[in-house]
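Sequence order for the protein chains is W and H.
Every letter in the first sequence is one number past the one before it in our numbering, and letter 425, counting from 1, is 1186.
Every letter in the second sequence is one number past the one before it in our numbering, and letter 88, counting from 1, is 765.
The beta-carbon is built from N, C-alpha and C at its ideal position, and this holds for glycine as well.
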Amino acid sequence: MLWITPLRALANDTLRSIKTAVDELCPWFSVELRTGDSSQSTRKRQAEKLPTIFITTPESLSLMISYPGFEGRFRSLKVVVVDEWHELIGSKRGVLTELGLARIRTVTEDIRLWGVSATLGNTKKALEVLLGRWSEEAVMIGSGKGKNIEIVTLLPEIIERFPWAGHLGITMLKPVIDIIESSNSTLLFTNTRYQAEIWYHKILDEKIEWAGILGLHHGSMDKESRTAVEQLLSKGKMKCVVCTSSLDLGVDFSPVDTVIQIGSPKGIARLMQRAGRSGHQPGAKSRLYCVPTNSFELVEFSAARSGIEKGKIEPRTPIEKPLDVLAQHIVTVATGEGFRSDDLFEEVKTTHSFRNLSEQEWEWTMEFVIKGGKALKAYPEYSKIRNEEGFYVVENETLRRRHRMSIGTITSETEVIVKFMNGGSLGTLEENFVSRLKPGDSFIFSGRVLEYHKLVDMVLYVKKSDKKNGPVPQWGGGRMPLSTELADEVRIKLREFQTAGNPGIEMSAISPLLDLQQKWSVIPMEDELLIEKKKTTEGFHLFIYPFEGKLVHEGLSALLAYRLSQIQSATFSISTNDYGFEILSTHEYELDNEQLEWLFAKENIVEDVLEVTNSTEMAQRKFRDIARIAGLVFQGYPRSSKKPKQLQASGALLFEVLSKYDPGNLLIKQAEMEVLETQLEVSRLMDAMKRMRESRKSIIDVPFITPMAFPLMVNRMREKLTSEKLSDRIAKLIANLENAAEKEDFS
Amino acid sequence: MINDLPQIKIKDSTFIALPQKAFFWVEEFTLLLSDIHFGKTATFRAAGIAIPEGSTTDDLKRLSDAVELTNAKKIIFLGDLIHHRTGKTRLITEQLKNWIEERPDKEFILITGNHDKSSDGISEIPQIKVVDELIIRNKFLLRHHPESQKGFFVICGHLHPAVRLRGTGHDSLRLACTHFSKNMAVLQAFGSFTGTSIVRPEPGDTVFMAHDGEVFSIKY
């Protein structure tokens, strides 16, 4: 039996559980692990004879395929289990798994395939993807009753009527510490690594005595310190661990009895998953405390609770025929047993991801891995795969070794390694943050205040700083946009606030804000699009609220500004958040029916979006990952910071060279497609445009900047001003608006 | 025309920034350029990484333009002329050799860089004189690595410098450049298939950025 699991850490846990069962039931079974951490001797032994039950990761499965003899060793396989399939399905790792399973089907006679998945918005689809061509024969088994989840929101004492997403919820520090104190062991989830560092620091400032039992865990920290925290946690020796999505899944932390979520989880599934980290035993109740970082998040918590009750969980969309993964897989098979083109083409087409792979696409990918593509035909020095009478193999031992090093689809950022002078490693930082520091500067990382000593070859040497404080690094890509499902629930909550008798505690708590919104403007219903207009000394503001999440709003706002500029040219500045966006312009637009029709017209949406976004630059950035997966970038040997220097090139550089000298390259096209779908979310954007087009439009000239508009305005100002000046200005703005609101209260 | 280009004066010498990613040293009739990395794409191909050709021809074309524009007598490569021995194919060396043979009245000097060591020298083209370092006018020291030297203004390469220019909001642009500081000039990498590393100019420094046939300067 082969057991595939998405996480190495989980593999160890699974090994223990299976062994416990096997020791009782059938002690003659051998149970073993094979991950990237396995030793040479273990690998060698396993290469000769596989154990009865074999636990591995998708990457390690791919690695096994890259060794000759794979066919013989796997012929007797009877059962394959894919664990936590929901973690894999939406990613290229999922595609790698699909391809591995197709390979297994080819070399085995008759296997039984089990997929284990959490409930998804598209569980049935998940099943189809896992089984590919065999999905007709599938059976779905549910576990019956869902988990019992209780969500408790910590209400702030004062509800700000003009909230802005500037604070980190630190005002709630006291009640949070009280909860940790009264619990056995707590996981405190934040949405970003930046927040995690700050929360860790603030708690420790307040509770010095927790030094040693308060932990920090996030993806940029050194692996060893993370593992140490995980182990202490599962032994019940941690009072609290401040963490990010890095602990969303993984080992069973039975001692954890409390979970706290700082800020909105931005998705229903994520909140469920985090809640499930406590009370891990079957039948136990999971309790989760939510801590808002601004008043609007009260709505989101309330919406997430309803979402969970209704079972409205986000789907995970499988990835359609990524050619970079296919190219890697072809070389993997050629490095192992070798293949005939027609046979492998048929095999690959049995997967869900590549079911519609065309012959042209297959030919192109084959030509790419064999000759380097059309543009490379003339260069004799390039030969990776050899064609031996229709049979394709990689013969060069250096190339084989190098390919095995490159298997997998996870790419690491160009990051600076942080080390103590005496050698202890702390983790990684983004180059961008480091480039702003000078020797002698202090900063907070991995829960400590550190001093920059020197930077040598992408290693930052630090020592402990005497200072108490310093800047906290921000990592890119940490911000999650509101999911469609949660956004729908938010709209429902806003309607219920106006129509239902008892809208729930969070909605009641936030009523001072919503009442004011209603007084100065409206609270939009589900079929209504609210557009607020306001003239100030800055210019003409349009605040538009489609409730589609920040990512979609970025595209939408750029698109609408572009269309406005075609009605009458003007200068715009734009600001977006999860609920809506602001367009500030130098020209006042009527927004009559004719103009509205033009703004939301369905023609040329994609063309216009490409026109106004820096999509080429985005594609360049995307290309780094694609180039890595397809074997255009060699990341070097594991556990060695030394890369072969003569083989270094950045994704942007490769993108430039390939688009200039090999314009038909399908990997370039793939990068552009990925940008459209995942970065600009074009399909969601089209849906949003349709919804806006069909909605009843309420266009309101507002007397003051409304509570919903305020965070957008602050967002925009933040981009222009330094933080100190900013908080002064915000304080002044709030005072003015509160003044206006109070006058109305008394009139 | 060449007089319209940005220039900088160091110790009574004039250096004109060319749009071709090179500098013209007026008083010496010398063209200075660094880090061409010829044969880099071939090195990649030899390692089984599929990069098409094209940049070598483009780079030679740009080099011809620079020589024509300035009418330089002497061309000094400040290191890393050839990328790696595995990419030193006959095609590459012949292309370069032919280009140099077409210009018999010019003098060519290569200051050895780290890559020139790993590509086993350039003995195939005897017209290129190879030195480790070069002192000119007793004031300027030309070397590959950016190491300062007391009493000299150092002109070098190796770093492939770039600056990050920030626009409004999150907008930022990374541009390859030449970086003149108080006692050193680090030249922009000449080759089109080369990466960059960010430098942070101090007040008083000047950077020159040659891009798409144009050249800009910024004084910090």
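* Near-chain W residues of the segment 718-730 of chain H (beta-carbon distance less than 9 Å), N- to C-terminal order -> Residues Thr718, Ala719, Thr720, Phe721, Arg722, Ala723, Ala724, Gly725, Ile726, Ala727, Ile728, Pro729, Glu730.
* To do: Please confirm if glycine 890 (chain H) has its CB atom under 8 Å from at least one CB of chain W.
  => Chain W, which has no Cβ nearer than 8 Å to the Cβ of glycine 890 (chain H), makes this no.
* Asked: Is valine 1475 (chain W) close to chain H, meaning its C-beta is less than 8 Å from at least one C-beta of that chain?
  -> Using a CB distance cut-off of 8 Å, valine 1475 (chain W) does not count as an interface residue toward chain H.
* Range covered by the beta strand (DSSP E) that runs through leucine 1221 (chain W) -> Run containing leucine 1221 (chain W): 1220-1225, per the beta strand (DSSP E) assignment.
* Asked: How would you label valine 841 (chain W), buried or exposed, when you count the other beta carbons within 10 angstroms and need 16 or more for buried?
  -> Valine 841 (chain W) is buried by the Cβ-count criterion.
* Asked: How about serine 732 (chain H): is its C-beta nearer than 8 Å to some C-beta of chain W?
  -> Closer than 8 Å: yes.
* beta strand (DSSP E) runs wholly inside the segment 1224-1304 of chain W, at least 3 long, in chain order -> Given a length threshold of 3 residues, each whole run of the beta strand (DSSP E) inside the segment 1224-1304 of chain W is given here in chain order: 1289-1297.
* To do: Scan the segment 1013-1056 of chain W and note each continuous beta strand (DSSP E) run of 3 residues or more that stays entirely inside, going in chain order.
  => Within the segment 1013-1056 of chain W, the beta strand (DSSP E) runs of at least 3 residues that lie entirely inside it are, in chain order, 1019-1023, 1047-1052.
* **Check whether leucine 860 (chain W) and glutamate 1122 (chain W) have beta carbons under 8 Å apart** => Not closer than 8 Å, so no.
* Asked: Along the chain, where does the beta strand (DSSP E) that runs through phenylalanine 817 (chain H) open and close?
  -> Going by DSSP, phenylalanine 817 (chain H) is part of the beta strand (DSSP E) stretching over 817-819.
* Helix, strand or coil at proline 1399 (chain W) [DSSP, three-state] -> At proline 1399 (chain W), the pLDDT of 47 sits below 50, so the modelled position is not reliable and the matter cannot be decided from this model.
* Asked: According to the Cβ coordinates, are proline 1242 (chain W) and glycine 1169 (chain W) closer than 8 Å?
  -> Contact: no.
* Would you kindly check if the distance between the Cβ of isoleucine 1284 (chain W) and the Cβ of isoleucine 1305 (chain W) is under 8 Å? => No, these two residues do not count as a Cβ contact at 8 Å.
* Return helix, strand or coil for proline 1200 (chain W), following the three-state DSSP convention. => Three-state result, proline 1200 (chain W): coil.
* Asked: Which one or two residues does DSSP pair with tryptophan 702 (chain H) in a beta bridge?
  -> In the DSSP assignment, tryptophan 702 (chain H) is bridged to H:Phe692, H:Thr707.
* **Amino acids of chain H, ordered along the chain, whose beta-carbon sits closer than 8 Å to that of valine 1418 (chain W)** => In chain order: Thr718, Ile728, Pro729, Gly731, Ser732, Ser869, Phe870.
* Quick one: what does DSSP say tryptophan 789 (chain W) is sitting in, helix, strand or coil? -> Tryptophan 789 (chain W): coil per DSSP, three-state reduction.
* May I have the straight-line CA-CA distance separating histidine 978 (chain W) from lysine 1229 (chain W), to the nearest angstrom? => Here the alpha carbon of histidine 978 (chain W) sits roughly 21 Å from the alpha carbon of lysine 1229 (chain W).
* With DSSP collapsed to three states, give me the class of threonine 1483 (chain W). => In this prediction, threonine 1483 (chain W) has a pLDDT of 49, which is less than 50 and means its spatial position is unreliable; nothing more can be read from the coordinates.
* Assign isoleucine 895 (chain H) to one of three DSSP states: helix, strand, or coil. => In this structure, isoleucine 895 (chain H) counts as strand in the three-state DSSP scheme.
* Pair within 8 Å by beta-carbon distance, valine 1436 (chain W) and alanine 1410 (chain W) -> Their beta carbons are not under 8 Å apart, which means valine 1436 (chain W) does not touch alanine 1410 (chain W) by this criterion.
* **Status (buried if at least 16 other CB within 10 Å, exposed otherwise) for glutamine 1381 (chain W)** => In summary, glutamine 1381 (chain W) is buried, with 16 or more beta-carbon neighbours lying within 10 Å of its beta-carbon over all protein chains present.
* For the segment 880-889 of chain W against the segment 1069-1079 of chain W, are there 3 or more C-beta pairs whose distance is under 8 Å? -> These segments touch.
* **cysteine 854 (chain H) versus glutamate 1176 (chain W): straight-line alpha-carbon distance, rounded** => Roughly 22 Å separates the two Cα atoms.
* Asked: Going by alpha carbons, who is nearest to leucine 1084 (chain W) out of W:Glu1433, W:Ile1466, W:Arg1452?
  -> Of the candidates W:Glu1433, W:Ile1466, W:Arg1452, the one whose C-alpha sits nearest the C-alpha of leucine 1084 (chain W) is W:Glu1433.
* Asked: Should alanine 1261 (chain W) be labelled buried (16 or more other beta-carbon atoms within 10 Å of its own) or exposed?
  -> The residue is exposed, with fewer than 16 neighbouring Cβ atoms inside 10 Å.
* **Where the beta strand (DSSP E) containing arginine 739 (chain H) begins and where it ends** => Under the DSSP assignment, arginine 739 (chain H) falls outside any beta strand (DSSP E), being part of the alpha helix (DSSP H) whose first and last residues are 732-747.
* Asked: For glutamate 911 (chain W), which beta-bridge partners are listed by DSSP?
  -> Paired residues: W:Arg1048.
* Express the C-alpha separation of threonine 951 (chain W) and serine 1006 (chain W) in angstroms, rounding to a whole number. => Serine 1006 (chain W) and threonine 951 (chain W) have their alpha carbons spaced roughly 8 Å apart.
* Which value, in whole angstroms, describes the spacing of the CA atoms of valine 1509 (chain W) and methionine 933 (chain W)? -> Nothing in the structure corresponds to residue 1509 (chain W), since chain W is present only between 762 and 1508.
* Distance CB(lysine 1082 (chain W))-CB(asparagine 1055 (chain W)) smaller than 8 Å -> Not a contact, by the Cβ cut-off of 8 Å.
* To do: Since I believe arginine 1035 (chain W) is in contact with isoleucine 912 (chain W) (beta carbons under 8 Å), could you give me their beta-carbon distance rounded to a whole number of angstroms?
  => Rounded, the Cβ-Cβ distance is 10 Å, inconsistent with contact.
* Is the segment 763-774 of chain H touching the segment 719-736 of chain H, taking contact as three or more C-beta pairs under 8 Å? -> Touching, yes, given that three or more Cβ pairs across the two stretches are closer than 8 Å.
* Roughly how many angstroms lie between the CA atoms of glutamate 985 (chain W) and glycine 1188 (chain W), to the nearest whole one? -> So the two alpha carbons sit approximately 9 Å from each other.
* Asked: Since asparagine 860 (chain H) and serine 825 (chain H) are thought to touch, with beta carbons under 8 Å apart, how far apart are those beta carbons, to the nearest angstrom?
  -> In this structure asparagine 860 (chain H) is in contact with serine 825 (chain H), their Cβ atoms being roughly 5 Å apart against a cut-off of 8 Å.
* Asked: Which stretch, first to last residue, makes up the alpha helix (DSSP H) that contains valine 990 (chain W)?
  -> 984-995 is the extent of the alpha helix (DSSP H) around valine 990 (chain W).
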